[in-house]
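Asker:
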Amino acid sequence: MIEGQLLPELNEFTEPFHEFASRGELRIQKCESCGVLRMPPRPMCPACGSTSFVWQLMSGRGRVWSYVVAHPPLLPAYAELAPYVVAIVELEEDPLIRLCGNLVFDSTGPINEVQASDVTIAQEVTAVFPPADDGFVLPAWQITGATQPT
Amino acid sequence: MSWNRVSVVGAGLIKMGELFDQSYEQMARGAFDAAIASVDHGMDPKDIDAVFVATQRGTLWGQEGIGGNTVPSALGLNGVACTRIENACPSGSDAFRVGCMAVASGLHDVVLVIGVEKMRDKSSEEGLLARAAGGHPVYTRGESAPVLFAPFATRHMHDFGTTKEMLASVAVKNHHNGKLDPYAHFQYEVTVEQVLNAPEVCSPLGLLDCCPQTDGAAAVLITTPERAADYTAKPVQVAGIGIATDHPYLHEKDNFVGMSATVGASSRAYEMANLGPTDMDMAEVHDCFTITEILDIEDLGFFEKGKGGIASLEGETALDGSIPINTSGGLLAKGHPIGATGIAQLTECWWQLREEAGDRQVKLRSGNALQHNVGGRGSGVSVVNILTIAE
Ligand SMILES: [Zn+2]
């Protein structure tokens, strides 16, 4: 049984994402040839095949695309926090780049402080960077604004 | 597109369930024997010149490569051509598609398409942890199947007013049908209240919104229309086949209220068959979760986008409805032994078109039936097969 959180297995393409996040930056891989953003990080642009890319800084602003509520049975580190909301957020810069993460009211708040009744589709959120186990930072989403029409 | 026609002359499966007492090869043997026994005029197994085996996970977690090539030996068919097909949840329906291509091309005459899957020999926990390690490199830590489909339910409910009662009506209907199917894993009815009050798994999906983990095997026998006459006076013909893909990550999808792979696969199958959704007398569709069936029946064209939930609630998809869906009990009640699932669905279509489905028999109007799976990373692949009794 895994006792702590399930942490990402890093490789040369995913490690920079977490390194930037630990500095409070949300950066997404951007193709240097055609400019298409891609997530998750990977060696090749799916649009044009180029392997040259940069890590583009995002505003951190997005909208809730959809969400679920996790319930036990879960791994112990998560079971004690359940039920909690997990959202899929579309980024302001490109709505096809969607990131999963927990919702919080405060950047240091626990992941179970937001209830499903607090969430609506298209609600405005902003990336925050709470610390996780082993020095990792996993971006979460702070509820910041009104619900925009979809 | 012109193509050489293909006939189905036999089909069968084993009782689905937790089959700890049967090996992978025993399950395959059971399905094979059932398919051979179903051939009206009998079939000498030596007539079979190729086998396509659908297996997603192999015999066990960590031994994914083993499934497939052990099957001919276990069926007394040693030496025959054999290829294993893995294409996620549509593995079985895709093996059927590949088997049809082998017959239509003239390369093989009599082909066995068989799906076998062991889902229960390793614990759910081991399976989930294996998935977690192989999931999304950044975010999917501990990903499970409900996590992938629940966001579609949330979004469908938001966009179209679909309710949890509508989702529950799918589980109620499929358990009702499963109770009439002697091969189903679950053979009991559930009520709307039981579905709504079941433990929550990944809201808005609860326990009875989810299909079980099921061991099983199913087999079909196909050949040319000319050879089919040797085996039966009541063959079922393959009318259309379609397959389509979508982006592998949920993040890249166009929307969360439908599966574009299903739309693509079904439009290709309809075009090939020169038929449309209103020509179908019944359909076996991929109901891994209640929401998936609602997405499917919209994406397959049986109902307008957004109307699948209300149609389910109003009984349009029941055995006596306008388009009976998952008469076998579906994945929700019959079970989802991945590689076997599509072939078990085709077996149900074959029985229905031959009017051999017993208490589950639907009224035949046009003599066509549709079978569908969708799955894989990001629901990135779908297969649709259309069968017919028309010449
Ligand atoms: Zn590019």
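Protein sequences, first through last, are from chains A and B.
Every position in the first sequence, counted from 1, becomes a number in our numbering once 1292 is added.
Every position in the second sequence, counted from 1, becomes a number in our numbering once 3 is added.
Glycine included, C-beta positions come from ideal geometry on N, C-alpha and C.
Since the model is a prediction, treat every value here as computed from it, not as a measurement.
1. Going residue by residue through the stretch 1301-1371 of chain A, where are the continuous beta strand (DSSP E) segments of at least 3 residues, counting only ones entirely within it?
2. Any heavy atom of ligand 1 closer than 7 angstroms to the Cβ of residue 156 of chain B?
3. For the stretch 1361-1384 of chain A, which residues have a beta carbon sitting closer than 7 angstroms to at least one beta carbon of chain B?
4. To the nearest angstrom, how far is it from the Cα of residue 1304 of chain A to the Cα of residue 222 of chain B?
5. With a threshold of 16 other CB atoms inside 10 Å of the CB of residue 89 of chain B, please say whether the residue is buried or exposed.
6. Select from A:1398, A:1361, A:1416 and A:1429 the residue whose C-alpha is nearest the C-alpha of residue 154 of chain B.
7. If you draw a straight line from the alpha carbon of residue 304 of chain B to that of residue 280 of chain B, how long is it in whole angstroms?
8. For residue 1431 of chain A versus residue 1339 of chain A, is the C-beta spacing smaller than 8 angstroms?
9. So, using beta-carbon positions, are residue 43 of chain B and residue 360 of chain B closer together than 8 angstroms?
10. Report the rounded CA-to-CA distance for residue 319 of chain B versus residue 1429 of chain A, giving the unit in angstroms.
11. Classify residue 1298 of chain A as helix, strand or coil using the three-state DSSP reduction.
12. When you compare the CB of residue 1402 of chain A with every CB in chain B, is at least one pair closer than 8 angstroms?
13. Is residue 1340 of chain A near ligand 1, going by C-beta to nearest heavy atom under 7 angstroms?
14. Using 7 angstroms as the cut-off, classify the Cβ of residue 1328 of chain A as near or not near the heavy atoms of ligand 1, replying yes or no.
15. Which residues in chain B have a C-beta closer than 8 angstroms to the C-beta of residue 1387 of chain A? List them in chain order.
16. Are the C-beta of residue 384 of chain B and some C-beta of chain A separated by less than 8 angstroms?
17. Along the stretch 156-170 of chain B, where does the CB come closer than 7 angstroms to a CB of chain A? Name the residues.
18. Taking only runs that begin and end inside the stretch 228-257 of chain B, name each unbroken alpha helix (DSSP H) of 4 or more residues, in chain order.
19. Apart from the five residues just before and just after residue 100 of chain B, which ones in its own chain have a Cβ nearer than 8 angstroms to its Cβ?
20. Any contact between the stretch 1344-1352 of chain A and the stretch 1368-1376 of chain A? By contact I mean 3 or more CB pairs, one from each, below 8 angstroms.
21. Does any residue of chain A have a CB that is nearer than 8 angstroms to the CB of residue 140 of chain B?
22. Per DSSP, which one or two residues make a beta bridge with residue 214 of chain B?
23. Spatial neighbours of residue 1396 of chain A within its chain, please: C-beta separation below 8 angstroms, excluding the five flanking residues on both sides.
24. Buried or exposed for residue 1326 of chain A, going by 16 or more other Cβ atoms inside 10 Å?
25. Starting from the C-beta of residue 213 of chain B, find all residues in its chain whose C-beta is less than 7 angstroms away, skip the five residues before and the five after it, and write them out in chain order.
26. I'd like to know whether the C-beta of residue 413 of chain B is nearer than 8 angstroms to at least one C-beta of chain A.
27. Could you tell me how far apart the beta carbons of residue 180 of chain B and residue 76 of chain B are, in whole angstroms, since I believe they sit closer than 8 angstroms?
28. Following the continuous beta strand (DSSP E) through residue 376 of chain B, name the residue where it begins and the one where it ends.
29. Quickly, what does DSSP pair residue 114 of chain B with across the bridge? List them, please.
30. Does the CB of residue 1339 of chain A have a neighbour CB from chain B at under 8 angstroms?
31. Comparing the CB of residue 147 of chain B with every heavy atom of ligand 1, is any distance shorter than 7 angstroms?
32. Between residue 322 of chain B and residue 297 of chain B, what straight-line distance do the alpha-carbon atoms span, to the nearest angstrom?
33. Under 8 angstroms, with one C-beta from each stretch per pair, do the stretch 49-61 of chain B and the stretch 254-261 of chain B reach the 3-pair mark?
34. With distances taken Cα to Cα, identify the nearest neighbour of residue 18 of chain B among B:324, B:384, B:343 and B:378.
35. Specify the secondary structure class of residue 60 of chain B as computed by DSSP and reduced to three states.
36. Under 7 angstroms Cβ-Cβ, which residues of chain A neighbour residue 252 of chain B?
Answerer: The structure says:
1. Those beta strand (DSSP E) runs which fall completely within the stretch 1301-1371 of chain A and span 3+ residues are 1319-1323, 1345-1349 and 1353-1362.
2. Answer for residue 156 of chain B: no, Cβ out of range of ligand 1.
3. So the list reads 1361, 1362, 1363, 1367 and 1380, given in the order they occur along the chain.
4. Cα-Cα distance, rounded: 45 angstroms.
5. Counting Cβ neighbours within 10 Å, residue 89 of chain B comes out buried, since at least 16 surround it.
6. Relative to residue 154 of chain B, the option among A:1398, A:1361, A:1416 and A:1429 whose CA is nearest is A:1361.
7. In this structure, the alpha-carbon of residue 304 of chain B lies about 6 angstroms from that of residue 280 of chain B.
8. 8 angstroms or more divides the Cβ of residue 1431 of chain A from the Cβ of residue 1339 of chain A.
9. Not in contact: residue 43 of chain B and residue 360 of chain B (Cβ atoms no closer than 8 angstroms).
10. CA-to-CA, the gap between residue 319 of chain B and residue 1429 of chain A works out to about 49 angstroms.
11. Note: residue 1298 of chain A maps to coil in three-state DSSP.
12. Residue 1402 of chain A does not count as touching chain B.
13. Remark: the shortest separation between the CB of residue 1340 of chain A and any heavy atom of ligand 1 falls under 7 angstroms.
14. At least one heavy atom of ligand 1 is nearer than 7 angstroms to the Cβ of residue 1328 of chain A, so yes.
15. The contacting residues do not exist; residue 1387 of chain A stays about 10 angstroms from chain B at best.
16. Residue 384 of chain B does not count as touching chain A.
17. If the cut-off is 7 angstroms between Cβ atoms, the stretch 156-170 of chain B has 157, 158 and 161 near chain A.
18. If we require 4 residues or more, the alpha helix (DSSP H) runs fully inside the stretch 228-257 of chain B come out as 228-234.
19. Answer for residue 100 of chain B: 244, 246, 386 and 388, listed in chain order.
20. No, they do not touch.
21. Low confidence applies to residue 140 of chain B: its pLDDT is 48, below 50, so where it sits in the model is not reliable, and the reading given next is rough at best. For residue 140 of chain B, the nearest CB of chain A lies under 8 angstroms from its own CB, placing it at the interface with that chain.
22. According to DSSP, which records beta bridges pairwise, residue 214 of chain B is partnered with nothing at all.
23. Correct list, in chain order: 1402, 1403, 1405, 1406, 1420, 1422, 1432, 1433, 1434 and 1435.
24. By the C-beta density criterion, residue 1326 of chain A is exposed, having fewer than 16 other C-beta atoms within 10 angstroms.
25. Within the same chain, residue 213 of chain B has close Cβ partners 149, 204 and 292.
26. Residue 413 of chain B cannot be examined here, being either before or after the span of chain B that is shown, 4 to 394.
27. At roughly 36 angstroms, the Cβ-Cβ gap does not stay under 8 angstroms, so residue 180 of chain B and residue 76 of chain B are not in contact.
28. Element bounds for residue 376 of chain B: 371-378.
29. Under DSSP, residue 114 of chain B forms a beta bridge with B:53 and B:225.
30. Not an interface residue.
31. No, since every heavy atom of ligand 1 falls outside the 7 angstroms radius drawn around the Cβ of residue 147 of chain B.
32. For residue 322 of chain B and residue 297 of chain B, the distance between alpha carbons rounds to 16 angstroms.
33. Contact fails: fewer than three Cβ-Cβ distances are below 8 angstroms.
34. Distance check between residue 18 of chain B and each of B:324, B:384, B:343 and B:378 places B:343 closest, using alpha-carbon atoms only.
35. The answer is coil: DSSP assigns residue 60 of chain B none of H, G, I, E or B.
36. Result: 1332.
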